[in-house]
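Here's the structure, in structure tokens; my notes come after.
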Amino acid sequence: MEKRVAVVTGASRGIGLAMARRLAADGWQVWGLSRRAGDADGVEWRGCDVTDGAAVAAVFSEILAVAGRVDLLVCNAGMGVSGAAEFAAGADVRRQLDVNLLGAVACAQQVIAPMRGQGGGRIVFTSSLGALFPLPYQSFYSVSKAGLNAFSDALGLEVRRFGIETCVLLLNDVKTDFTDTRRKDETGDAVYGGRVTAAVGKMEASERRGMAPERVADALAALLRRRHLPPHKIVGAGNTVLGLLYRLLPTAWMLRLLGKLYG
């Protein structure tokens with residue numbers, strides 16, 4: 005039987021690398037996209053910055069020319085910026101949205117027509133519980149992930165008639181080098197009484213105790229065995245409880261709790 009074709013962005017490390025390895029082990033033909041080459045058996049690597057529209061179009065054109073189809077796209081490329089919203093540099097805000105949201109949009113746009121022509125496909129976006137629980141001093145990260153959720157849901161409504169399904173994976177703390185590569189801006193920390201560094205420090209300590217990226221890859225593999233994808237999937241039993249709290253708590257209560265934790 006011909007192998008199913010998967011494309012994973014941000015695949016050179018962390019969650020993306022774990023996903024690419026798991027998909028390859030499960031028999032998929034995997035194309036890994038990242039700015040730097042990764043290292044995983046059975047993965048075809050291509051350099052691609054998802055914020056470069058021309059590069060995105062070129063690499064998907066190549067994949068389709070070689071593989072003939074794309075059955076699964078995992079939009080995983082992402083980065084983090086922290087700091088007080090009041091003092092956020094415009095370049096940092098744009099970079100956060102360009103990578104996490106607009107880069108995913110650009111990649112999804114490249115596979116919709118091929119998936120429509122082949123009679124279906126699946127698009128999965130790596131999102132965050134930060135989309136539901138807005139994080140102070142990581143506000144634009146939350147904005148990017150909330151936008152990703154909305155885009156996935158709206159896109160799913162548009163393309164389901166063609167057999168194309170969309171899903172967001174809602175993650176909490178995952179232990180990767182994402183923590184160490186976060187762009188941290190401490191401007192205005194004194195104005196906010198040291199809360200910027202204190203809040204981000206709490207978040208990073210929690211991330212370092214987080215789940216292994218292989219657990220996220222396992223969750224993706226389990227989803228792909230289903231007949232249909234759910235629109236949203238919270239990964240991790242404890243995180244599912246947080247999702248339940250989000251649905252049950254009034255917004256004012258939820259924000260008050262977040263303020264006590266980080267504000």
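Numbering-wise (my numbering), the sequence shown opens with residue 5 and increments by one. C-beta: ideal position from N, C-alpha, C; glycine also.
Inter-residue spacing [alpha-carbon to alpha-carbon] between residue i and residue j
| i | j | result |
| --- | --- | --- |
| residue 67 | residue 179 | 31 Å |
| residue 246 | residue 95 | 32 Å |
| residue 78 | residue 216 | 18 Å |
| residue 137 | residue 196 | 21 Å |
| residue 227 | residue 157 | 17 Å |
| residue 43 | residue 80 | 17 Å |
| residue 30 | residue 208 | 32 Å |
| residue 6 | residue 204 | 47 Å |
| residue 110 | residue 167 | 20 Å |
| residue 237 | residue 175 | 9 Å |
| residue 107 | residue 163 | 19 Å |
| residue 150 | residue 254 | 18 Å |
| residue 52 | residue 112 | 14 Å |
| residue 48 | residue 130 | 21 Å |
| residue 199 | residue 193 | 7 Å |
| residue 232 | residue 161 | 14 Å |
| residue 41 | residue 132 | 25 Å |
| residue 235 | residue 171 | 4 Å |
Assigned secondary structure, residue i (DSSP; H/G/I helix, E/B strand, else coil)
| i | result |
| --- | --- |
| residue 192 | coil |
| residue 185 | helix |
| residue 258 | helix |
| residue 115 | helix |
| residue 139 | coil |
| residue 180 | coil |
| residue 207 | helix |
| residue 92 | coil |
According to DSSP, residues forming a beta bridge with residue i
| i | result |
| --- | --- |
| residue 127 | 77 and 170 |
| residue 237 | 173 |
| residue 83 | For residue 83, which the question treats as bridged, DSSP gives no partner whatsoever. |
| residue 10 | 34 and 76 |
| residue 132 | 175 |
Beta carbon of residue i nearer than 9 Å to that of residue j
| i | j | result |
| --- | --- | --- |
| residue 240 | residue 212 | no |
| residue 75 | residue 125 | yes |
| residue 221 | residue 23 | yes |
| residue 224 | residue 261 | no |
| residue 20 | residue 9 | no |
| residue 60 | residue 114 | yes |
| residue 118 | residue 73 | yes |
| residue 37 | residue 63 | yes |
| residue 101 | residue 54 | no |
| residue 45 | residue 17 | no |
| residue 142 | residue 210 | no |
| residue 188 | residue 265 | no |
| residue 186 | residue 83 | yes |
Whole beta strand (DSSP E) elements within the segment 16–74, 3-residue minimum | 33–38 and 47–51
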